[in-house]
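Below is one structure, written out as structure tokens; the observations come after it.
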Amino acid sequence: MSLTFERAVRVAADGVRLEGDLSVPEDAYGVVLFALASGNGRFNARYRFLVRFFNKFRLATLLIDLVTAEEEKQELLSANLLADQAVLAERLSSVTDWLAAHADVRHLTIGYFGASIGAAAAFSAAVLRADRVGAVVSCDGRPDLASEDLRQIRAPTLLIVGGRDLELAGLNEAALAQMECERDLVIMTGVAHVLEDTASLQQAGRLAREWFLRHLSRPEDKAHALEAKHDLA
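Each number in this note's numbering corresponds to the 1-based position in the sequence shown with 11 added.
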């Protein structure tokens with residue numbers, strides 16, 4: 012079993028310092044940057060599960076909060092979702108630059124993982140940093156908040172959404188039609204929110220893992236990576 016290097020990090024962006032956790036397995040194939048639209052999302056058990064899951068399959072991860080704890084406490088980024096999305100996208104772009112320069116992972120292609128408004132930030136940042144982003148995965152994302160950027164996304168993009176949320180599923184279907192990059196949409200039937208329970212979380216994790224391994228791995232790594240047999244319990 013490969014070892015994983017873990018470190019708490021602080022990244023300067025937009026005049027604030029963002030808190031995150033960087034995990035880098037030996038011989039990593041790529042690095043997944045989580046776009047978390049909160050001040051403490053990195054402590055969320057669901058995201059921690061995905062980090063362990065991705066690390067097991069030799070995907071490095073950066074789990075980072077795009078909002079500071081103080082901002083969340085004061086609700087400074089809550090009045091206007093469209094304005095929030097623009098701020099988060101700029102911060103995610105800055106984090107992307109930091110990650111691309113970090114000695115431990117600068118040789119790896121970057122993928123974005125986001126949910127809800129975090130996914131909207133990922134869509135926009137994928138346009139702003141098109142030269143550095145190799146794949147995007149959105150879970151229950153809000154593509155309507157990044158509608159002006161959807162046609163410009165070049166990174167292969169996977170949309171995952173719960174089928175019981177008809178409005179959100181419709182927004183993602185519309186987004187798929189607007190995109191011109193390689194893309195796919197998975198509607199999980201019988202599920203309201205993709206990351207809500209263990210079963211749907213595991214399914215979404217497998218879908219995301221395969222998407223990232225396909226698009227972030229070096230050609231010589233892909234066959235070996237996709238042969239992995241064991242998922243986390």
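Glycine residues also receive a C-beta, built at the ideal position from the N, C-alpha and C atoms. All of these numbers come straight from a predicted model, not from anything done at the bench.
Item	Value
Would you report the Cα separation of V62 and V42, rounded to the nearest angstrom?	11 Å
Along the chain, where does the alpha helix (DSSP H) that runs through Y123 open and close?	Looking at the DSSP string, Y123 is not in any alpha helix (DSSP H); the run it does join, the beta strand (DSSP E), is I121 to A126.
From what residue to what residue does the beta strand (DSSP E) around E17 run?	T15 to A24
What's the C-alpha gap between A132 and D115?	25 Å
Can you tell me the Cα-Cα spacing of E17 and P167, whole angstroms?	28 Å
Which class does T168 belong to by DSSP, given the choice of helix, strand or coil?	strand
Spatial neighbours of L14 within its chain, please: C-beta separation below 6 Å, excluding the five flanking residues on both sides.	E37
Drop a sphere of 10 angstroms on the beta-carbon of T200, count the other beta-carbons inside from all chains shown, and report buried for 16 or more, exposed for fewer.	exposed
In chain order, what residues of the same chain have a beta carbon less than 6 Å from the beta carbon of S135, not counting five sequence neighbours either side?	A100, A157 and D160
Report the rounded CA-to-CA distance for N55 versus M190, giving the unit in angstroms.	30 Å
Quick check on S104: does DSSP put it in helix, strand or coil?	helix
Kindly list the residues whose CB is nearer than 7 Å to the CB of V139, restricted to its own chain and excluding five residues on each side of it in sequence; keep chain order.	Note on residue identity: the sequence assigns Leu, not Val, to residue 139. These residues qualify, in order along the chain: A100 and S104.
Quick check on V202: does DSSP put it in helix, strand or coil?	coil
Name the residue from G122, A130 and A112 whose alpha carbon lies nearest to the alpha carbon of A141.	G122
Using alpha carbons as the reference points, say which of L74, R194 and G152 lies closest to Y58.	L74
Assuming A188 contacts P154 under a Cβ cut-off of 8 Å, what Cβ separation, rounded to an integer in Å, is found between them?	Incorrect: roughly 11 Å between the Cβ atoms, too far for contact.
DSSP on L74, reduced to helix/strand/coil?	strand
If you follow the beta strand (DSSP E) that A145 is part of, which residue opens it and which one closes it?	A small fix is needed here, since residue 145 is Gly in this sequence, not Ala. From DSSP, the beta strand (DSSP E) with G145 extends over V144 to C150.
Where do the ends of the alpha helix (DSSP H) carrying V27 lie?	No alpha helix (DSSP H) contains V27, which is instead part of the beta strand (DSSP E) from V27 to P36.
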